[in-house]
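Going line by line, the protein sequences match chains A and B. Just so you know, my numbering puts 251 at position 251 of the first sequence, and the rest follows in order with no gaps. Just so you know, my numbering puts 218 at position 218 of the second sequence, and the rest follows in order with no gaps. The beta carbon of each residue, even a glycine, is placed where N, CA and C say it ideally should be.
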Amino acid sequence: MTRTPDQDSFRYPLVWRLLDGLNTAADVLWPRKMARFTGWLLLAPALLLVGILVISLVQIAESSLHVLDRSTFMPGEDYTLANYATIADSATYARVLWRSLLGAALTVVFTLLLALPYSYVMVRTTSALTRKALLIVLFLPFFIGQVVRAYGILIVMGRSGAVNDILGLVGIEPLRLLFNFPAVVFGLVQYMLPFAVLMLAPALTAIPREIEAAANSLGANWIRTFRHIVIPMAKPGLVGAGLVVGTLSLTDFAMPAMLGGGSQDFIANAIYDQFFRTADQGLGSALALILVALGSVIVGVIIAFFGAGTLGMGGKK
Amino acid sequence: MTSRSQRIVFWSLVWFSIIVLSLPTVIVLGASVTAGNIITFPPQGFSLKWYEQIAMARDLRQAFGRSIHVSLICLAVSVPVGTLAGIALTRFRLRFSSLIQVYLLLPFTIPLIGSGIGMMLLFGSWGILGSVWPLGVALAVINLPFIIWSVSSSAAALDGDLELAAASCGAGRIEAFLHVTLPGVMPGVITGGLLMFVLAMSEFLVSLLLTDARTVTLPVQIYNNIRSIITPDLAAVSSVFVVLALLAVWLLDRLVGLEIFLKSK
Chain A
1 MTRTPDQDSF
11 RYPLVWRLLD
21 GLNTAADVLW
31 PRKMARFTGW
41 LLLAPALLLV
51 GILVISLVQI
61 AESSLHVLDR
71 STFMPGEDYT
81 LANYATIADS
91 ATYARVLWRS
101 LLGAALTVVF
111 TLLLALPYSY
121 VMVRTTSALT
131 RKALLIVLFL
141 PFFIGQVVRA
151 YGILIVMGRS
161 GAVNDILGLV
171 GIEPLRLLFN
181 FPAVVFGLVQ
191 YMLPFAVLML
201 APALTAIPRE
211 IEAAANSLGA
221 NWIRTFRHIV
231 IPMAKPGLVG
241 AGLVVGTLSL
251 TDFAMPAMLG
261 GGSQDFIANA
271 IYDQFFRTAD
281 QGLGSALALI
291 LVALGSVIVG
301 VIIAFFGAGT
311 LGMGGKK
Chain B
1 MTSRSQRIVF
11 WSLVWFSIIV
21 LSLPTVIVLG
31 ASVTAGNIIT
41 FPPQGFSLKW
51 YEQIAMARDL
61 RQAFGRSIHV
71 SLICLAVSVP
81 VGTLAGIALT
91 RFRLRFSSLI
101 QVYLLLPFTI
111 PLIGSGIGMM
121 LLFGSWGILG
131 SVWPLGVALA
141 VINLPFIIWS
151 VSSSAAALDG
161 DLELAAASCG
171 AGRIEAFLHV
181 TLPGVMPGVI
191 TGGLLMFVLA
201 MSEFLVSLLL
211 TDARTVTLPV
221 QIYNNIRSII
231 TPDLAAVSSV
241 FVVLALLAVW
251 LLDRLVGLEI
261 FLKSK
């Protein structure tokens, strides 16, 4: 056999050696007969990471079963349900829970009222530029973060803020717009609007234009078209958006804390206060666990009705 | 939209939403360049003195540094973990896959106050609460579904035959993964990483629960300062987040196009 000069000068590249080595290592550490578990191997880190949350919940549950010992200010040794009894008997927590539920319900109504036309216009507009602009307006606040948004609202609605200035032009005395219940709801609506619009938009996209056109040609005006065509067909999106907005506002901390001025606590604020003001860890944990349970029930309803589809991961069709 | 009345009703509601969504941001930007010492509307004169002031303020600079630090740790944890999970969920047939979905969505379904308090208790019992890095891990946990979602939608678009083709050309499993699968899902990895970084930078509640006076991050610092007094220097700090958000939106639009969020499933 004659060797060509070409083969002589060929040197096996280092990267290939490296990859060969890795392949050999893989064959030893993870033999091919394990191939059907490879998916689980890749998934394991994520399962472990989310496991931190699961252990955290167990920790909360454990901590909620100990009553604060008032003499030592340490959690007691014995396991008891006394913290839950305290919450059930307390008129304060009933009031806080009622305020959170009412706030969440109002937020859902107002958010959907604004989100529906917004996503409808965004989906149906023929101008690509308008659509892009509407999307940017939506995404910016999402990335800015809650604190800065609440800070912006504090400036705009303050006693010498823009809103009061404009009211002053038409001769209305400066109003106290902040640190009350409506301010918190307003902040929550502002916070939730992007979520709601983004959850509604795919549902509206799925409605064929032709059906609306057909309704029109049969003599329905737009209000009737909306009532009998668009809203029923967008119902899954509306319910999904409503439930997500409801859970997120029910459990929100920042808006009640910053726009409520301490007088409009939601459940999350009550939990925070138990930990950082009263230092009653057990009672705070019990409250937190109740809130988690409440949230899980709502989410369970979402998944039971719609599947994990709207939030789902993994491209199963 | 054909009828005039519909256009009027819809567009007035849309404009109301646009104002509600954007006005606070615009006002924050405006207030940050005021020459006056208090925030008024309209701003009095133009000046960058508040930016100068925050650049000098040691606590804000340190808080900003810690925010970057935390976000980088969040990236370092979530990108590999999320990428592998996203690939696993789409490229492999797994049993109990709907159960796994529900489990991996726990970070979204457990209220943030619950996750935050729980991790505070857990990290406290592990004795790691005084450092900065646990917050990075915590933020990776609570936002993990974002990157998994982003990677798995990329992986779903990847043709499975490509990996087989690579194998038939003699590529080993590692080579096929590094040269075919990974480049294929890269757009999703980059988008997801971007989301994770920006969300970690601006995350507030879990950061509030897991930091103390020595490890406070920028959003928490802003929150603490607001509670004492509202001055234009905070508006200048907030502008940092506005700029960051602008950058993120621009990049997201570049990478995947914002319109992808309108598609029906």
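Does the Cβ of residue i have 16 or more other Cβ atoms within 10 Å, making it buried, or fewer, making it exposed?
i: I19(B); result: exposed
i: G300(A); result: exposed
i: F10(B); result: buried
i: Q221(B); result: buried
i: C74(B); result: buried
i: Q44(B); result: exposed
i: Y79(A); result: exposed
i: F305(A); result: exposed
i: M56(B); result: exposed
i: R173(B); result: buried
i: W222(A); result: buried
i: N164(A); result: buried
Does the Cβ of residue i lie closer than 7 Å to at least one heavy atom of the ligand GTP?
i: F266(A); result: In the structure shown, the ligand GTP is absent, as is every other ligand, since no ligand is present at all.
Terminal residues of the continuous alpha helix (DSSP H) containing residue i?
i: S97(B); result: S97 to L104
i: H69(B); result: R58 to R91
i: L42(A); result: T38 to S64
i: T25(B); result: R4 to S32
i: Y256(B); result: Strictly speaking, residue 256(B) in this sequence is Val, with Tyr absent from that position. Taken as a continuous stretch (DSSP letters only), V256(B) belongs to no alpha helix (DSSP H), as it is neither H nor E.
i: R209(A); result: R209 to S217
i: F275(A); result: I267 to F276
i: I144(A); result: A128 to I144
i: V132(B); result: Premise fails: V132(B) is in no alpha helix (DSSP H) and is neither H nor E.
i: S202(B); result: L182 to S202
i: T225(A); result: W222 to T225
i: I87(A); result: A82 to D89
Look up residue i in the DSSP assignment and say whether it is helix, strand or coil.
i: L177(A); result: coil
i: L208(B); result: helix
i: P75(A); result: strand
i: D27(A); result: helix
i: D252(A); result: coil
i: G315(A); result: Residue placement at G315(A) cannot be trusted, given a pLDDT of 41 that sits under 50; the coordinates are not used to answer.
i: D69(A); result: strand
i: L110(A); result: Contrary to the premise, residue 110(A) reads as Phe rather than Leu in this sequence. Of the three classes helix, strand and coil, the one that applies to F110(A) here is helix, per DSSP.
i: F195(A); result: helix
i: F123(B); result: helix
i: F46(B); result: strand
i: N164(A); result: helix
i: N143(B); result: helix
i: R159(A); result: coil
i: G170(B); result: coil
i: R11(A); result: coil
i: S158(B); result: A quick correction: the sequence has Leu, not Ser, at residue 158(B). L158(B) falls in the coil class under three-state DSSP.
i: P111(B); result: coil
i: A234(A); result: coil
i: R214(B); result: coil
i: V243(B); result: helix
i: T310(A); result: Residue confidence is low: T310(A) scores 49 on pLDDT, short of 50, so the model does not pin down where it sits. No coordinate-derived value is stated.
i: K263(B); result: coil
i: D280(A); result: coil
i: Q264(A); result: coil
Grab me the residues of residue i's own chain with a C-beta within less than 7 Å of its C-beta, minus the 5 sequence neighbours each way, in chain order.
i: R131(A); result: M122 and T125
i: V189(B); result: V79, T83 and V151
i: V132(B); result: R66, H69, V70 and T215
i: I298(A); result: L243, G246 and T247
Using a cut-off of 9 Å between C-beta atoms, extract the partners of residue i located in chain A.
i: T25(B); result: L140, P141, I144, V148, R149 and G152
i: S131(B); result: Simply none; closest approach about 16 Å.
So which residues of chain B does residue i contact, with C-beta pairs closer than 9 Å?
i: T107(A); result: Ordered by position in chain B, no residue passes the 9 Å Cβ test against T107(A), which lies about 13 Å from the chain.
i: A201(A); result: F261, L262, K263 and S264
i: K132(A); result: D253, L258 and E259
Name, please, each residue of chain B whose Cβ falls closer than 7 Å to the Cβ of residue i.
i: T38(A); result: F92
By Cβ distance below 6 Å, which residues in the same chain neighbour residue i in space, the five residues on each side in sequence not counted?
i: G260(A); result: V184
i: F123(B); result: L129 and P134
i: L81(A); result: none
i: I147(B); result: S78, G82, G192 and M196
i: F142(A); result: P194
Please compile the residues from chain B whose C-beta is within a distance smaller than 8 Å of the C-beta of residue i.
i: S63(A); result: L121
Whose Cβ in chain A lies nearer than 7 Å to the Cβ of residue i?
i: R173(B); result: N23 and A26
i: L234(B); result: Y151
Enumerate in chain order the residues of its own chain whose CB-to-CB distance from residue i is below 8 Å, with the five nearest sequence positions on each side excluded.
i: I295(A); result: Reading the sequence as shown, one finds Gly at residue 295(A) and not Ile. So the list reads T247, L250 and T251, once near-sequence residues are dropped.
i: A171(B); result: H179 and V180
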